[in-house]
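Enquirer:
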Amino acid sequence: MINFEGNNQLNNKITQLSLNKLEKILPNDKIDLMLKKLKARADFEMTDAGTFKPIVESITNHKPVIELGNISLSIKSTSNLNTAKERILEAAISTKSGEYKIEKNLAQGRREEILKFLNREDFSESFKRFLIDCSDDFEKKGLE
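Throughout, our numbering is defined as the position within the sequence shown, counted from one, plus 1.
(1) Between which two residues does the alpha helix (DSSP H) containing R130 stretch?
(2) Which value, in whole angstroms, describes the spacing of the CA atoms of L69 and T96?
(3) Determine the burial state of Q10: buried for a count of at least 16 other Cβ atoms within 10 Å of its Cβ, exposed for fewer.
(4) Indicate, with yes or no, if the ligand FMN has a heavy atom lying under 7 Å from the CB of S98.
(5) Just curious, the beta strand (DSSP E) that I1 is in, first and last residue?
(6) For K102, write down the residues that DSSP places opposite it in a beta bridge.
(7) Could you check where the beta strand (DSSP E) with I76 kicks off and where it finishes?
(8) For the alpha helix (DSSP H) holding F118, just list the boundary residues, first then last.
(9) Using DSSP with H/G/I as helix, E/B as strand and the rest coil, what is L144?
(10) To the nearest angstrom, how far is it from the Cα of N12 to the Cα of L82?
(11) Which partner residues does R88 have in the DSSP bridge list?
(12) Going by the beta-carbon positions, is the gap between D44 and L107 smaller than 8 Å?
Next comes the structure, spelled out in structure tokens:
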């Protein structure tokens with residue numbers, strides 16, 4: 002029998018250290034406020050069908066300690082047809098210079114599915130882990 006508990010504890014400690022690093026640079030309240038605004042706007046502005054103005058919330062990191070510049074989340078329609086019901090939630094993270102960017106589709110589906118994804122209990126923490134991964138990726142590649 003193989004015991005993975007030790008690895009899980011180690012991974013949790015590493016993740017916690019990374020999240021603590023992120024907290025010192027980008028306070029949780031800034032990230033949480035961005036997520037809260039996006040959720041509220043999505044609930045109010047996102048239509049069930051057809052097009053709508055893209056919903057975008059972003060914050061900018063001004064501290065040089067972490068390799069992140071602009072952090073944004075957007076929700077938009079996947080088509081400009083009035084019958085389209087598919088929506089997409091996308092994250093865009095840039096380097097401090099803005100020269101390089103990572104874009105990732107976080108969720109795609111109907112309005113209810115996007116709202117459900119945004120309201121998941123682990124969404125905030127998994128988004129913060131994604132930010133750490135992006136920062137580490139930029140740092141490993143020597144991008145600024």
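Cβ atoms here follow ideal geometry from the backbone N, Cα and C, with glycine treated the same way.
For clarity, every value in this text was computed on a predicted model and none was experimentally measured.
Expert: This is what the structure holds:
(1) Within the sequence shown, numbered from 1, the residue matching residue 130 stands at position 129. Per DSSP, R130 belongs to the alpha helix (DSSP H) from F124 to K141.
(2) Residue numbering aside, residue 69 sits at position 68 when the sequence shown is read from its first letter. Residue numbering aside, residue 96 sits at position 95 when the sequence shown is read from its first letter. Rounded to whole angstroms, L69 to T96 spans 5 Å at the Cα level.
(3) Counting from one through the sequence shown, the residue named residue 10 turns up at place 9. Any answer about Q10 is weak, because its pLDDT of 39 lies below 50 and its placement is not dependable; what the coordinates show is given next. By the 10 Å Cβ count, Q10 comes out exposed.
(4) As for the ligand FMN, it is missing from this structure, which has no ligand bound.
(5) As displayed, the chain neither begins before 2 nor continues past 145, which places residue 1 out of reach and without an answer.
(6) On the sequence shown, position 101 is the one that residue 102 refers to. Answer is S95.
(7) As a position in the sequence shown, residue 76 is number 75, starting the count at 1. Note, I76: beta strand (DSSP E), N71 to S78.
(8) If you number the sequence shown from 1, residue 118 lands on position 117. Unbroken alpha helix (DSSP H) run through F118: R112 to L119.
(9) On the sequence shown, position 143 is the one that residue 144 refers to. If DSSP states are grouped into helix, strand and coil, L144 belongs with coil.
(10) Against the sequence shown, residue 12 aligns to sequence position 11. Against the sequence shown, residue 82 aligns to sequence position 81. Confidence is the limiting factor: at N12 the pLDDT is only 42, short of 50, which leaves the residue's position unreliable, though a coordinate-based value still follows. Their backbone Cα atoms lie some 45 Å apart in a straight line.
(11) Numbered from its first residue, the sequence shown carries residue 88 at position 87. DSSP, once it has assigned bridges, lists S78 and G110 as partnering R88.
(12) Position 43 of the sequence shown, counted from the start, is the residue given in the question as residue 44. Position 106 of the sequence shown, counted from the start, is the residue given in the question as residue 107. For D44 and L107, no; Cβs fall outside 8 Å.
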